[in-house]
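Numbering (the working numbering), first residue to last: 1278 to 1747.
C-beta atoms are modelled at their ideal positions from N, C-alpha and C, and glycine is treated no differently.
Bear in mind the structure is a predicted one, so any value in this text is a computation, not a measurement.
Okay, here's the thing in structure tokens:
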């Protein structure tokens, strides 16, 4: 049997649903595909055909949308990181608000409030770049992978998401490796030295961490590398330079060996009156000023937490748990990443908090080990949401109040539906535009435990009641 001939079709995008899924109508069927902006004329290749819709892949933008009135950075089409860079910011806010409202419409009827990020540009505090070429046999480049391309990177000059110091450091390292003629790792042969560069920037303190990731196939002059970085004129201050060795075949940063070649192993970020040590691989909100807004609202939704016990589940480095601990009676955080738990307990001690404890382990198992009666549960799980068995354990705790923070509203909606079936009521839904100019946002919901005595309806026939002994 011969291969099925690919079908190419064109259309004008009618709607963009969450998360970044566009659609138009072709021969009375919806065509669904990732990417695009409402009003763009596009070319797609059709994949699976269903009864009422077709799944496709975006090939080319043939005509701009009338909505695209903004100027963009030089890499807008190749990079793909800032999908909404070409439309007005006000449209982006309304789009995300409409998308989340429609996503939750069967469980929440009100208009969800959306909160803007304090910074619309230069808000990211972490970037991971790849050493590669921009095209076959080009000079070595340090940038982001091109959209839908595995082997090539784009020169991310004039990137709007990061502080200008990122670009100064990146450009200096490009010059350094070209001058030293250092080879990057070829994806097909796995031969070469240079793999990745990670920059972390504590925007509240100006402290910078630079991490260069290489194989062990050859050496480079680390002293010259450090001297070069420390000689740069930056607004911030480089406090940590790290060399990570990684010989794995995967195109990911695997920390097989970590060497601190200058300074300390962390940088410090400040939220409210608390300090947090951000290590090389610890998770920290990419938009710290947006996170301050989000955490403030999440804590407000918790209500009066004085003299109450709070569980901080999927607690990461303990940021929100420590903020809550300033008012709560006790906070217990559970996180599976041991390094994050060590960092959380250490920073809690240094912040003078004696009423919060962070435990390393799986939420499913560790909740069962907690004997405390919990009043409030805060959950901030990874993108996959909460494991169903873990969710059952969380429900069994019987907390009156639950605040669910999510970076993936789709999995949050799934989990909320289960919570509603198990005695909780969805009180509030908030949207936070944590990642301006991208397709992403974060959502926070408040759930309250229903009073069983008030909400259970029991119908009893009078003739079933024995009144002889009354």
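Which residues in the same chain as residue i place their Cβ atom closer than 8 Å to its Cβ, once the five residues preceding and following it in sequence are excluded?
i: residue 1334; result: 1310, 1311, 1321, 1322, 1324
i: residue 1498; result: 1457
i: residue 1435; result: 1350, 1351, 1352, 1444
i: residue 1739; result: Low confidence applies here, because residue 1739 scores a pLDDT of 37, under 50, leaving its location unreliable; read the following figure in that light. Contacts found: none.
Name the DSSP beta bridge partners of residue i, please?
i: residue 1309; result: 1300, 1332
i: residue 1403; result: 1477
i: residue 1633; result: 1608
i: residue 1353; result: Looking at the DSSP assignment, residue 1353 forms no beta bridge with any residue, so it has no partner.
i: residue 1589; result: 1610, 1655
i: residue 1418; result: 1409
i: residue 1534; result: 1522
i: residue 1464; result: Answer by DSSP bridge pairing: none, since residue 1464 is not bridged.
i: residue 1245; result: Residue coverage of the chain in this structure runs from 1278 to 1747, which leaves residue 1245 outside it and unanswerable.
i: residue 1663; result: In DSSP, residue 1663 forms no bridge with anything.
i: residue 1517; result: 1486, 1540
i: residue 1492; result: Residue 1492 is not bridged to any residue.
i: residue 1678; result: 1653, 1725
i: residue 1282; result: Paired residues: none, contrary to the question.
In angstroms with no decimal places, state the Cα-to-Cα distance between residue i and residue j.
i: residue 1514; j: residue 1481; result: 12 Å
i: residue 1510; j: residue 1451; result: 16 Å
i: residue 1403; j: residue 1349; result: 21 Å
i: residue 1673; j: residue 1707; result: 25 Å
i: residue 1453; j: residue 1533; result: 24 Å
i: residue 1750; j: residue 1542; result: There is simply no residue 1750 to check, as the chain begins at 1278 and stops at 1747 in what is shown.
i: residue 1431; j: residue 1411; result: 6 Å
i: residue 1615; j: residue 1489; result: 23 Å
i: residue 1671; j: residue 1282; result: 50 Å
i: residue 1446; j: residue 1726; result: 51 Å
i: residue 1469; j: residue 1559; result: 27 Å
i: residue 1732; j: residue 1580; result: At residue 1732, the pLDDT of 45 sits below 50, so the modelled position is not reliable; the number obtained from the coordinates is stated separately. So the two alpha carbons sit approximately 23 Å from each other.
i: residue 1421; j: residue 1374; result: 29 Å
i: residue 1574; j: residue 1504; result: 43 Å
Can you tell me whether residue i is helix, strand or coil according to DSSP?
i: residue 1441; result: helix
i: residue 1545; result: strand
i: residue 1288; result: strand
i: residue 1385; result: coil
i: residue 1470; result: coil
i: residue 1622; result: helix
i: residue 1685; result: coil
i: residue 1707; result: strand
i: residue 1641; result: helix
i: residue 1553; result: strand
i: residue 1724; result: strand
i: residue 1747; result: For residue 1747, the predicted model reports a pLDDT of 38, less than 50, meaning its position is unreliable; a value from the coordinates is still stated below. Residue 1747: coil per DSSP, three-state reduction.
i: residue 1733; result: Only weak support exists for where residue 1733 lies, its pLDDT of 43 falling under 50; the coordinates are left without a value.
i: residue 1318; result: strand
i: residue 1372; result: helix
i: residue 1294; result: strand
i: residue 1603; result: coil
i: residue 1571; result: helix
Going by other Cβ atoms of all chains shown within 10 Å of its Cβ, with 16 needed for buried, is residue i buried or exposed?
i: residue 1471; result: buried
i: residue 1630; result: buried
i: residue 1592; result: buried
i: residue 1474; result: buried
i: residue 1500; result: exposed
i: residue 1527; result: exposed
i: residue 1529; result: exposed
i: residue 1719; result: buried
i: residue 1395; result: exposed
i: residue 1585; result: buried
i: residue 1610; result: buried
i: residue 1305; result: exposed
i: residue 1710; result: buried
i: residue 1520; result: buried
i: residue 1362; result: buried
i: residue 1380; result: buried
i: residue 1407; result: buried
i: residue 1442; result: buried
i: residue 1507; result: exposed
i: residue 1416; result: exposed
i: residue 1685; result: buried
I'd like to know if residue i contacts chain D, where contact means its C-beta is closer than 9 Å to some C-beta of that chain.
i: residue 1415; result: In the structure shown, chain D does not exist; there is a single protein chain.
Tell me which same chain residues have a C-beta within less than 7 Å of the C-beta of residue i, skipping the five on either side of it?
i: residue 1563; result: 1401, 1402, 1403
i: residue 1339; result: 1287, 1318, 1319, 1320
i: residue 1378; result: 1388, 1389
i: residue 1650; result: 1586
i: residue 1699; result: 1672
For residue i, which residues from the same chain have a beta carbon less than 6 Å from its beta carbon, with the 5 sequence-adjacent residues on both sides left out?
i: residue 1578; result: 1680, 1723
i: residue 1425; result: none
i: residue 1622; result: 1635
i: residue 1588; result: 1609, 1651, 1654
Within the present structure, is the beta-carbon of residue i separated from the nearest heavy atom of the ligand ATP by less than 8 Å?
i: residue 1704; result: Among the components of this structure there are no ligands whatsoever, and the ligand ATP is therefore not found.
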